[in-house]
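Peer 1: Number 347 in full-length UniProt numbering belongs to position 347 of the sequence shown; there are no gaps in the numbering.
Every residue gets a Cβ at the ideal spot worked out from N, C-alpha and C, and that includes glycine.
A quick note: this is a predicted structure, and the numbers were derived from the prediction, not measured.
Below: one structure in structure tokens.
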Amino acid sequence: MRYESFRAKRAAYEKTRQMNILDVANSLGMDMKKMTSKEYEWTEHDALKINPAWNHFTYWSQTGTDGKPLHGGPIQLVQEIQHVSFSEAVAFLTGQDIKEFEYVPVERKDFEYKFKEHEYTDLTVEYLTKERGISEATVRELLERGIIAQTNYTTDYEKHKSEPVVVFKSIDAKGVIKGVSLQGIWANEEYGERKHLKRSLGDGNQGMILKVGNPNLTKATPEKPYTVIVFEAPIDMLSYYDLFKSKLHDVVMVAMNGKKPVVISNVLADAINPNAAQDLKERALEIVDKNMQPDIFKIVFAVDNDIHGIEFIEKINIKNIPVARHLPKMLPGQEKTDWNDMLKHVRAKNKNKANSFETRLNEAKAAKTEAVQPDKVATKSM
């Protein structure tokens with residue numbers, strides 16, 4: 001349908017602009033989780049936040065020409081999620097055609113890593129070991145490999161407020177940092193139930209990669225495939241690595257910062273041809289599954305053990321590449337368990353065993369001492 005006048009077109013635009021952005025997200029099939037009274041988060045990608053009071057979203061992992069995170073209202077949200085033009089987004093919301101509207105799409109700049117890394121990383125070591133249960137040896141190994149770092153992140157430019165964060169780097173096959181995931185170290189009630197700042201910046205389609213051993217596609221066979229282990233978050237990946245380090249050989253581990261098949265595609269593409277065009281890289285999973293020798297690959301899903309994690313595995317369209325699940329065991333009384341939950345559970349269990357052994361040892365020593373005392377008393381009594 002075409003509009004009879006510019007006024008009618010403008011009215012339609014204003015109507016869509018003022019639509020409830022949470023309702024729009026729902027119509028797009030986006031599962032939004034309420035984090036605070038002022039913020040909702042997309043469960044598939046925690047970099048996308050919605051502020052219902054402002055009817056506005058911010059996509060922290062995508063950058064516009066102004067150098068700021070991608071943001072906007074209902075129309076821009078449809079554009080981003082559906083990958084459509086301005087007029088197509090309005091048509092999606094209204095069912096009407098406004099092709100006459102002129103719109104210049106936002107260009108995205110390549111991510112530039114400008115953080116000044118801290119020489120001293122004690123805060124990172126303390127946070128990851130004490131609060132997350134990851135061993136100090138693993139933390140220091142990743143710091144030395146340059147996969148993680150510590151820096152300050154500015155939260156309020158006007159008030160010059162910043163706080164220390166752990167930087168999880170998304171590095172491509174050429175060694176270029178394409179994006180980062182930031183984890184706040186200090187607890188703050190303003191951040192809701194998570195209590196810590198979380199941000200994703202840069203290319204959200206390039207996950208954080210941790211290679212173990214020497215994974216080599218040219219040597220892959222159906223018996224020893226090129227194995228990719230997939231996680232939702234960097235902390236989960238580090239936890240898994242800490243738990244199974246001695247059993248992992250020649251594998252690629254990748255944290256998607258959400259649930260994004262395109263991240264898996266990029267990992268496969270970098271193994272096949274790091275110089276491939278980006279559009280081909282983003283289709284690599286489909287191409288390998290349909291056209292290449294899929295049995296020399298293996299994908300292990302180590303995502304969260306919850307409804308969303310299981311749905312992600314079941315819905316992903318992989319038919320020929322061998323796939324396995326390695327989900328953390330659901331802990332008693334929980335509806336969701338991730339690998340960091342499991343790591344902390346194992347650490348606590350081992351600590352209890354150690355304490356129990358020490359208690360039994362002390363009790364045995366005390367019993368032995370007490371067993372000698374009656375003889376001494378009896379001798380004195382006689």
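Please confirm whether residue 155 and residue 144 have their CB atoms less than 8 Å apart.
Peer 2: Taking 8 Å as the Cβ cut-off, residue 155 and residue 144 do not qualify as a contacting pair.
Peer 1: Can you find at least 3 beta carbon pairs, one from the stretch 127-139 and one from the stretch 231-240, that sit closer than 8 Å?
Peer 2: At 8 Å Cβ cutoff, the stretches touch.
Peer 1: Quick check: residue 250 and residue 207, are their CB atoms within less than 8 Å of each other?
Peer 2: No, Cβ-Cβ distance for residue 250 and residue 207 is not below 8 Å.
Peer 1: For residue 109, which beta-bridge partners are listed by DSSP?
Peer 2: According to DSSP, residue 109 bridges with nothing at all.
Peer 1: Below 8 Å between beta carbons: does that hold for residue 56 and residue 71?
Peer 2: For residue 56 and residue 71, yes; Cβs fall inside 8 Å.
Peer 1: May I ask which residues mark the beginning and end of the alpha helix (DSSP H) holding residue 241?
Peer 2: Segment 234-244, the alpha helix (DSSP H) holding residue 241.
Peer 1: Going by DSSP, what residue range makes up the beta strand (DSSP E) through residue 181?
Peer 2: 177-184 is the extent of the beta strand (DSSP E) around residue 181.
Peer 1: What's the C-alpha gap between residue 316 and residue 289?
Peer 2: Roughly 12 Å separates the two Cα atoms.
Peer 1: Would you mind working out which of 140, 240, 110 and 244 sits nearest residue 180, comparing C-alpha positions?
Peer 2: Of the candidates 140, 240, 110 and 244, the one whose C-alpha sits nearest the C-alpha of residue 180 is 110.
Peer 1: Residues in the same chain with beta-carbon distance under 7 Å from residue 389, minus the five sequence neighbours each way, listed in chain order, please.
Peer 2: Past the boundaries of the shown model lies residue 389; the chain is included only from 1 to 382, so the question cannot be answered.
Peer 1: Taking contact to mean at least 3 C-beta pairs separated by less than 8 Å, is the stretch 34-54 in contact with the stretch 191-203?
Peer 2: With the cut-off at 8 Å, the stretch 34-54 and the stretch 191-203 touch.
Peer 1: Identify whether residue 193 lies in helix, strand or coil by the three-state DSSP scheme.
Peer 2: Correct three-state label for residue 193: helix.
Peer 1: Could you check which residue in 119, 294, 244 and 58 has the C-alpha nearest to that of residue 225?
Peer 2: Out of 119, 294, 244 and 58, 294 has the C-alpha closest to the C-alpha of residue 225.
Peer 1: Do you know offhand how far residue 320's Cα is from residue 248's?
Peer 2: Taking the straight line joining both Cα atoms gives about 24 Å.
Peer 1: Tell me the rounded alpha-carbon separation between residue 244 and residue 28.
Peer 2: Taking the straight line from one Cα to the other gives about 38 Å.
Peer 1: Can you give the beta carbon distance from residue 91 to residue 50, rounded, assuming they're within the 8 Å contact cut?
Peer 2: Going by Cβ atoms, the distance from residue 91 to residue 50 rounds to 22 Å, so no, they are not a contact pair.
Peer 1: Of the residues 297, 329 and 178, which one's Cα is nearest the Cα of residue 240?
Peer 2: Nearest of 297, 329 and 178 to residue 240, Cα basis: 329.
Peer 1: For the beta strand (DSSP E) containing residue 150, name the first residue and the last one.
Peer 2: Per DSSP, residue 150 belongs to the beta strand (DSSP E) from 148-156.
Peer 1: In angstroms, rounded to a whole number, what distance separates the CA positions of residue 59 and residue 47?
Peer 2: Rounded to the nearest angstrom, the two C-alpha atoms are 6 Å apart.
Peer 1: Within a Cβ cutoff of 6 Å, which residues of the same chain sit near residue 81, ignoring the five residues on either side of it in sequence?
Peer 2: Excluding sequence neighbours, residue 81 sits near 28.
Peer 1: Would the beta-carbon of residue 45 fall within 8 Å of that of residue 202?
Peer 2: Their beta carbons are not under 8 Å apart, which means residue 45 does not touch residue 202 by this criterion.
Peer 1: So, helix, strand or coil for residue 339, using DSSP?
Peer 2: In the structure shown, residue 339 sits in a helix (DSSP, three-state: H, G or I).
Peer 1: For the alpha helix (DSSP H) holding residue 22, just list the boundary residues, first then last.
Peer 2: Residue 22 -> alpha helix (DSSP H) spans 21-27.
Peer 1: Taking 8 Å as the threshold (C-beta atoms), are residue 254 and residue 230 in contact?
Peer 2: In this structure, residue 254 lies closer than 8 Å to residue 230 by Cβ.
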